[in-house]
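This report refers to the structure that appears directly beneath it.
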Amino acid sequence: MTERRPSSLFILTGAGISAESGVETFRDKGGLWSKVRLEDVATPEAFVRDLARVQAFYNARRAGLSAVSPNAAHEALARLEHEFAGTLTLVTQNIDDLHERAGARRVLHMHGELAKAFCNGCAERRDATRDLAVDDACPACGKTGTMRPDVVWFGEIPYHMDLILERLASADLFVSIGTSGAVYPAAGFVSEARQRGIRTLELNLEPSDGSWQFDEARHGPASRLVPAFVDAILRP
Ligand code: NAD
Ligand code: APR
Numbered sequence: 001m002t003e004r005r006p007s008s009l010f011i012l013t014g015a016g017i018s019a020e021s022g023v024e025t026f027r028d029k030g031g032l033w034s035k036v037r038l039e040d041v042a043t044p045e046a047f048v049r050d051l052a053r054v055q056a057f058y059n060a061r062r063a064g065l066s067a068v069s070p071n072a073a074h075e076a077l078a079r080l081e082h083e084f085a086g087t088l089t090l091v092t093q094n095i096d097d098l099h100e101r102a103g104a105r106r107v108l109h110m111h112g113e114l115a116k117a118f119c120n121g122c123a124e125r126r127d128a129t130r131d132l133a134v135d136d137a138c139p140a141c142g143k144t145g146t147m148r149p150d151v152v153w154f155g156e157i158p159y160h161m162d163l164i165l166e167r168l169a170s171a172d173l174f175v176s177i178g179t180s181g182a183v184y185p186a187a188g189f190v191s192e193a194r195q196r197g198i199r200t201l202e203l204n205l206e207p208s209d210g211s212w213q214f215d216e217a218r219h220g221p222a223s224r225l226v227p228a229f230v231d232a233i234l235r236p
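For the sequence shown, the positions run 1 to 236 when the UniProt record's numbering is used.
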């Protein structure tokens, strides 16, 4: 595909864009779901059944973020967002803050953010810059054992979906970066784009579950593919 400059861009990222920063993915060889059952840590039932285990899982992932930095792919997308201003929508399934730390300003976290927490009792939200403890009391309602990571679990509804679908519908290029295309609704965005005649491009380490649906799929590390894509788009 020639990189003709699109008038509006919709970009979806997944765990693969953070892999080279040292953040574990989910379904790659040795990924998170090969080490822990998602039913034990990433469902509302798990939170009720074993609060300590769920808090420990996300506390460890939050602590890990302090040891990693954005990579060239995050930085390239931040540059692109700055150039495209309001005509670029950046949606991530990731709960890390690497897009923001690379300089992106308007990131839609459809699966929530590790750096935030909310009370299962009264929905009070707060930053979660430190470990969540099982006996943490909610600062609003005072209940203990109800503060949870502000992360969307299996069986829950992802955030910002109305805005996401509205922006996707008005894009003229959909780019999917570093996602296996295994989890809906994100996995369905490419089909939504195709039905609307929107050009689709996949940048992923290897073919994903949805590669066959893209007009073009480029395979390789995001830290190489994404800067090359952004340079081609921004080339005068
Ligand atoms: P879903 O149908 O969207 O996802 C199911 C997918 O999860 C399957 O296609 C499979 O790829 C994967 N999966 C299921 N069991 C698995 C296992 N044992 N090991 C590895 N992968 C497994 O699930 P849902 O219940 O409809 O989830 C709704 C939404 O919750 C998702 O679309 C997503 O937005 C969100 N979510 C967030 C997280 C998180 O940690 N942030 C985890 C899971 C789901
Ligand atoms: N560069 C580009 N792509 C990469 C790289 C890399 N360096 N490393 C891995 N990948 C690709 C893998 O080939 C894989 O297709 O990133 C994808 C990661 O897929 P998953 O581990 O399934 O992560 P993701 O698609 O983000 O998972 C979706 O599932 O568990 C839920 O909510 C969780 O947000 C997550 C969702």
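Yeah, the Cβ is synthetic: ideal placement off N, Cα and C, and Gly gets one too.
All values derive from a computational prediction rather than experimental measurement.
Comparing alpha carbon positions, the residue from 28, 24, 174, 69 closest to residue 208 is 28.
Between the alpha carbons of residue 9 and residue 144 lies a distance of about 43 Å. Contact check for residue 179 and residue 13: beta-carbon distance about 7 Å, within the 8 Å limit, so the pair qualifies. Going by beta carbons, residue 131 and residue 115 fall outside the 9 Å limit.
Counting other Cβ atoms within 10 Å of its Cβ, residue 92 reaches 16 or more and is therefore classed as buried. Residue 184 counts as exposed, since fewer than 16 other C-beta atoms from the protein chains shown sit within 10 angstroms of its C-beta. The straight-line gap separating the alpha-carbon atoms of residue 117 and residue 236 is approximately 43 Å.
165 is the residue among 165, 211, 177, 204 whose C-alpha sits nearest the C-alpha of residue 192.
The three-state secondary structure of residue 68, taken from DSSP, is coil. Relative to the ligand APR, the beta carbon of residue 64 is positioned no closer than 8 Å to any heavy atom. Distance from the CA atom of residue 82 to the CA atom of residue 7, rounded to whole angstroms, is 14 Å. The Cβ atoms of residue 211 and residue 73 do not sit closer than 9 Å to each other.
The secondary-structure analysis by DSSP pairs residue 127 across a beta bridge with 116. At least one heavy atom of the ligand APR lies closer than 8 Å to the C-beta of residue 206. Residue 179 sits in coil when the DSSP states are folded into three classes, being neither helix nor strand. Closest in C-alpha terms to residue 39, from the list 217, 23, 57, comes 57.
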